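Please read the structure below before turning to the comments.
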Amino acid sequence: MDNTQQKIKKLLLFQLIINIFFAIWCIYYEGKNIFKNWNIWNPVFILSGLVIAAILFILRSRGPILANISKLVDIIFLPFSFIYLFNFVCVVLGDYLNSSFFFDLLYVIAPLFIFIPVVKVDYENIQSNLGRILSIQIICEIFVLTNYKVDSNKILDNVNRSQIIFSIFLVLFAYLVLKRWGYHFYLGLKLNNQFQWKVFIPILLFGFYMVFFNAFLTTNPKSIGELIWKWNFEWLNPAESQYFGSSLEVFLNAADAGITEEVWRYLTIVILLVMLKNNKHKISLTILISSLLFGLLHFNQLLSPDRNLTDVIIQSLGAVGLGIFLGSLFLYSGQIWLNVLFHFLFDLVVFSLTPLSFVGSGILTIFNSPALAHVIITSGLFILVSVILITGKRRKCVENNIERLIMHEN
866 MDNTQQKIKK
876 LLLFQLIINI
886 FFAIWCIYYE
896 GKNIFKNWNI
906 WNPVFILSGL
916 VIAAILFILR
926 SRGPILANIS
936 KLVDIIFLPF
946 SFIYLFNFVC
956 VVLGDYLNSS
966 FFFDLLYVIA
976 PLFIFIPVVK
986 VDYENIQSNL
996 GRILSIQIIC
1006 EIFVLTNYKV
1016 DSNKILDNVN
1026 RSQIIFSIFL
1036 VLFAYLVLKR
1046 WGYHFYLGLK
1056 LNNQFQWKVF
1066 IPILLFGFYM
1076 VFFNAFLTTN
1086 PKSIGELIWK
1096 WNFEWLNPAE
1106 SQYFGSSLEV
1116 FLNAADAGIT
1126 EEVWRYLTIV
1136 ILLVMLKNNK
1146 HKISLTILIS
1156 SLLFGLLHFN
1166 QLLSPDRNLT
1176 DVIIQSLGAV
1186 GLGIFLGSLF
1196 LYSGQIWLNV
1206 LFHFLFDLVV
1216 FSLTPLSFVG
1226 SGILTIFNSP
1236 ALAHVIITSG
1246 LFILVSVILI
1256 TGKRRKCVEN
1266 NIERLIMHEN
């Protein structure tokens, strides 16, 4: 192990010890209230987990079994605990020192530095491809479970709730882990000789059309004309969004979704392709499995008090359909920046819908579940175009891109 890696290991151990003291402080600060809320974020549980993680970390040299258990505990437990306790410290110190803005800012930018030691020591050294897939899922759930309100500044609160800083961290995470695992994080591959502009331009136009078709289908249009092309663009106003309180929130949340979910897709697809490289159906299986995992990623919406299981299942099914298209688009084009841009626009238009766009009933009300009908229609179109992208002469282009994506460097 080189000197730099040794220093990072010592830094992670120091971080563990400091967070044990933070957890003790949190327990003391909460006092009797600590016994009123026994959930996974109770400081007693966090302290117990940190102590176990520290002991296992110290005992890693005793053998591979202890080392692997230690890594597993770190990967699952440490990121959540670190950000939870860092938030606690920032809130308490901000109030005590009457400097809430400074400590709120520190908390908001925390993902850019607080996770680096555990990423370098544990995530980078995952040897199993299945473990890598699971670790990617875990890292993308961190801020959903530990995103706290920032009160000192409205803009800072918008930045925090959008999780755009976490998106930036995830790009850094992808670069670091893929490099250590022997691969590259490409913003875009050079177009190969099998790439067909005559196919791709219509696909891009279809994607641009679907950005608006999907959004206005959400409003339950009153006629076939309103469904297909007679769209009322007055219903699009990010300043009066049905979902967010300002144009800035709309923009930041759309940007976060575009960056986070497409970087996640890049990571997941690359590892799945490595796992399935000898399978003759690797292209379709990779797209399907990554899309199903993408749908599962949306089950974190169950944590929202205004969402029920049925709503979340329907949303997740819609994510699967969209994921199939985006996975196919990425494998054919090799341009992850294009995926990010499309996903950003897709969410930006939906998030810009105003409350007026949802007034009254429309043609989808003939179905028992208009929301499910919406998912079936859009997913059907996405899947149809995806089949075109990865079959026939286009398949050679996809295979060429796959070879470059999973080219391993020793």
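The sequence shown begins at 866 in the numbering used here and counts up by one. Think of the CB as a built atom: it goes at the ideal place given N, C-alpha and C, for glycine as much as any other residue. All values reported here derive from a predicted model rather than from experimental measurement.
Contact check, residue i vs residue j, beta carbons under 8 Å
{"i": "PRO935", "j": "LEU921", "result": "The residue you asked about is not Pro; residue 935 is Ser in the sequence shown. For SER935 and LEU921, yes; Cβs fall inside 8 Å."}
{"i": "SER1106", "j": "THR1219", "result": "yes"}
{"i": "PHE1071", "j": "TRP1096", "result": "no"}
{"i": "ILE981", "j": "ILE1030", "result": "no"}
Euclidean distance between Cα positions of residue i and residue j
{"i": "PHE910", "j": "SER946", "result": "10 Å"}
{"i": "GLN871", "j": "LYS985", "result": "11 Å"}
{"i": "ARG1026", "j": "GLY1257", "result": "44 Å"}
{"i": "MET1075", "j": "SER1111", "result": "24 Å"}
{"i": "ALA918", "j": "LYS874", "result": "13 Å"}
{"i": "TYR1040", "j": "PRO976", "result": "15 Å"}
{"i": "ILE1267", "j": "LEU1138", "result": "8 Å"}
{"i": "ARG1269", "j": "ASN1079", "result": "33 Å"}
{"i": "ASN990", "j": "ASP939", "result": "12 Å"}
{"i": "LYS1019", "j": "TYR972", "result": "15 Å"}
{"i": "ASN1058", "j": "LEU958", "result": "59 Å"}
{"i": "SER964", "j": "GLU895", "result": "21 Å"}
{"i": "THR1083", "j": "SER1181", "result": "15 Å"}
{"i": "ALA1119", "j": "HIS1208", "result": "8 Å"}
{"i": "GLN1200", "j": "ILE892", "result": "48 Å"}
{"i": "PRO1170", "j": "HIS1163", "result": "15 Å"}
{"i": "PHE1038", "j": "VAL956", "result": "27 Å"}
{"i": "TRP903", "j": "ASN868", "result": "For TRP903, the pLDDT reaches just 49, beneath the cut-off of 50, and the residue's location in the model is therefore unreliable, although a value from the coordinates is still provided. Distance between the alpha carbons of TRP903 and ASN868 is about 42 Å."}
Contacts around residue i, its chain only, beta-carbon distance under 7 Å, and the 5 residues preceding and following it disregarded
{"i": "ARG1172", "result": "GLN1166"}
{"i": "LEU970", "result": "LEU1021"}
{"i": "ALA888", "result": "PRO908, ILE911, LEU912, LEU915 and LEU950"}
{"i": "ILE885", "result": "LEU912, LEU915, VAL916 and ALA919"}
{"i": "THR1133", "result": "ILE998, ILE1001, SER1155 and LEU1158"}
Residue range of the alpha helix (DSSP H) that includes residue i
{"i": "ASP960", "result": "929-961"}
{"i": "THR1083", "result": "1062-1083"}
{"i": "TYR893", "result": "868-895"}
{"i": "TYR1197", "result": "1174-1198"}
{"i": "ILE1228", "result": "Careful: ILE1228 lies outside any alpha helix (DSSP H) and carries neither H nor E."}
{"i": "TYR1131", "result": "1112-1140"}
{"i": "VAL986", "result": "981-986"}
{"i": "PHE978", "result": "Element bounds for PHE978: n/a, residue is neither H nor E."}
{"i": "ALA919", "result": "908-923"}
Sequence-distant residues of the same chain with beta carbon closer than 6 Å to residue i, five excluded per side
{"i": "LEU1092", "result": "PRO1086"}
{"i": "ARG997", "result": "ILE991 and ILE1136"}
Own chain residues within Cβ distance below 8 Å of residue i, not counting five before or after
{"i": "VAL1185", "result": "SER1156, LEU1157, PHE1159, GLY1160 and SER1244"}
Would you say the stretch 1045-1063 touches the stretch 1000-1008, given that touching needs at least three Cβ pairs under 8 Å?
Counting Cβ pairs under 8 Å, fewer than three are found: no touch.
Any 3 or more C-beta pairs closer than 8 Å across the stretch 1135-1153 and the stretch 1058-1072
No, because fewer than three Cβ pairs between the stretch 1135-1153 and the stretch 1058-1072 fall closer than 8 Å, the two stretches do not touch.
Are the stretch 1227-1238 and the stretch 1127-1134 touching by the rule of at least three beta carbon pairs closer than 8 Å?
no
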